[in-house]
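Right, one structure below, let's go through it.
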Amino acid sequence: MPLKIPIILGSVRSERIGIRPARFLMRLAEQRGHEARLVDAMEEFRLPLLDKMYKEYDAGQAPEPLEKLAEIIRKADAVIVVSAEYNHSIPPALSNLLDHFLEEWFFRPSAIVCYSAGPFGGVRAAMQLRAMLAELGMPSIPSLLPLPKAQSMLDAGGRPNGQETADRLARSAGKFFDELEWYAEALRTARQAGTPY
1 MPLKIPIILG SVRSERIGIR PARFLMRLAE QRGHEARLVD AMEEFRLPLL
51 DKMYKEYDAG QAPEPLEKLA EIIRKADAVI VVSAEYNHSI PPALSNLLDH
101 FLEEWFFRPS AIVCYSAGPF GGVRAAMQLR AMLAELGMPS IPSLLPLPKA
151 QSMLDAGGRP NGQETADRLA RSAGKFFDEL EWYAEALRTA RQAGTPY
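For the sequence shown, the residue numbers in UniProt numbering are 1 to 197.
Encoded structure:
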């Protein structure tokens with residue numbers, strides 16, 4: 001049964017690299033039979049700095065982007081978060097997008113894809129993101145998918161540059177998706193039976 005997977009991209013820089021991994025993940029999720037949806041903090045979901053959380057609005061009174069995003073989250077079976085590393089931490093736009101919601105995220109697994117222009121692939125930001133996602137009620141799966149030197153690894157369309165890169169990504173991303181699918185299917189079944197609150 002297909003999974004509904006929002007892919008959250010939290011970089012809003014004009015020459016961001018993150019759109020490449022996001023496009024790669026969209027294509028891979030669809031190839032595996034899932035319904036992937038790009039949630040882009042720069043384009044469709046450019047939210048203001050957090051003042052009121054979604055839940056703090058009266059029913060039906062939240063701004064249209066928040067209502068739309070809440071609906072996407074409620075339908076999600078799992079969430080993939082694509083994060084850059086800014087000063088050993090996550091991009092502020094990503095934190096801002098995530099923080100607009102709380103209960104909507106509950107009891108869904110998350111998975112972290114981190115990237116950087118350098119050799120470490122954003123893993124230092126991923127460690128902070130892991131703690132944040134757990135606090136939001138969607139703990140991350142054990143595996144990470146780090147993408148070092150992402151600007152040379154993937155082209156603008158999110159396709160791997162070269163056969164060696166394609167083969168390496170097929171192995172690591174395949175394992176990553178196998179694990180996410182397991183958690184997503186298990187928690188979907190558990191949510192259908194009821195949640196603690």
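Even glycine gets a Cβ: it sits at the ideal position worked out from N, Cα and C. The structure displayed is predicted, hence computed values, not measured ones.
Original post:
Whole-angstrom Cβ separation of Leu145 and Val113, contact assumed at under 8 Å?
Top reply: 4 Å
Subject >> Proximity winner among Ala93, Leu102, Glu85, relative to Tyr115 (alpha-carbon distances) >> reply: Glu85
Subject >> Own chain, CB closer than 7 Å to Gly121, minus 5 neighbours either side, in chain order >> reply: Cys114, Tyr115, Pro146, Leu147, Pro148
Subject >> Inside the UniProt domain "NADPH-dependent FMN reductase-like" (4 to 149) only - beta strand (DSSP E) runs reaching at least 3 residues >> reply: 4 to 9, 35 to 40, 79 to 83, 110 to 115, 140 to 147
**OP:** Evaluate Ser11 with the Cβ neighbour count: other Cβ atoms within 10 Å of its Cβ, from every protein chain shown; 16 or more gives buried, anything less gives exposed.
**Re:** buried
Original post:
Does the distance from the C-beta atom of Ser140 to that of Ala111 stay below 8 Å?
Top reply: yes
**OP:** With a 10 Å radius around its C-beta and 16 neighbouring C-beta atoms as the bar for buried, classify Met1 as buried or exposed.
**Re:** exposed
Original post:
Could you give the distance in angstroms between the alpha-carbon of Arg159 and the alpha-carbon of Arg20?
Top reply: 8 Å
Subject >> C-alpha distance - residue 216 paired with Arg171, whole-angstrom precision >> reply: Past the edges of the chain, shown from 1 to 197, lies residue 216, and the structure says nothing about it.
Original post:
Which value, in whole angstroms, describes the spacing of the CA atoms of Ala193 and Ala156?
Top reply: 42 Å
**OP:** Give me the Cβ distance between Val79 and Ile5, rounded to the nearest whole Å; I'm assuming they're in contact under 8 Å.
**Re:** 7 Å
Subject >> Own chain residues within Cβ distance below 7 Å of Leu169, not counting five before or after >> reply: Pro160
Subject >> Euclidean distance between Cα positions of Ser95 and Ala76 >> reply: 19 Å
**OP:** Determine, using beta-carbon pairs with one atom in the stretch 170 to 189 and one in the stretch 57 to 74, whether at least three such pairs fall under 8 Å.
**Re:** no
Subject >> Endpoints, the alpha helix (DSSP H) within which Ala166 is located >> reply: 163 to 193
Original post:
Cα-Cα, which of Glu44, Met26, Phe45 is closest to Arg37?
Top reply: Met26
**OP:** Could you check which residue in Ala125, Leu97, Glu15, Lys52 has the C-alpha nearest to that of Ile7?
**Re:** Leu97
Subject >> Residues near Ala93 by beta carbon distance below 6 Å, same chain, minus five either side >> reply: Gly10, Val12, Ala41
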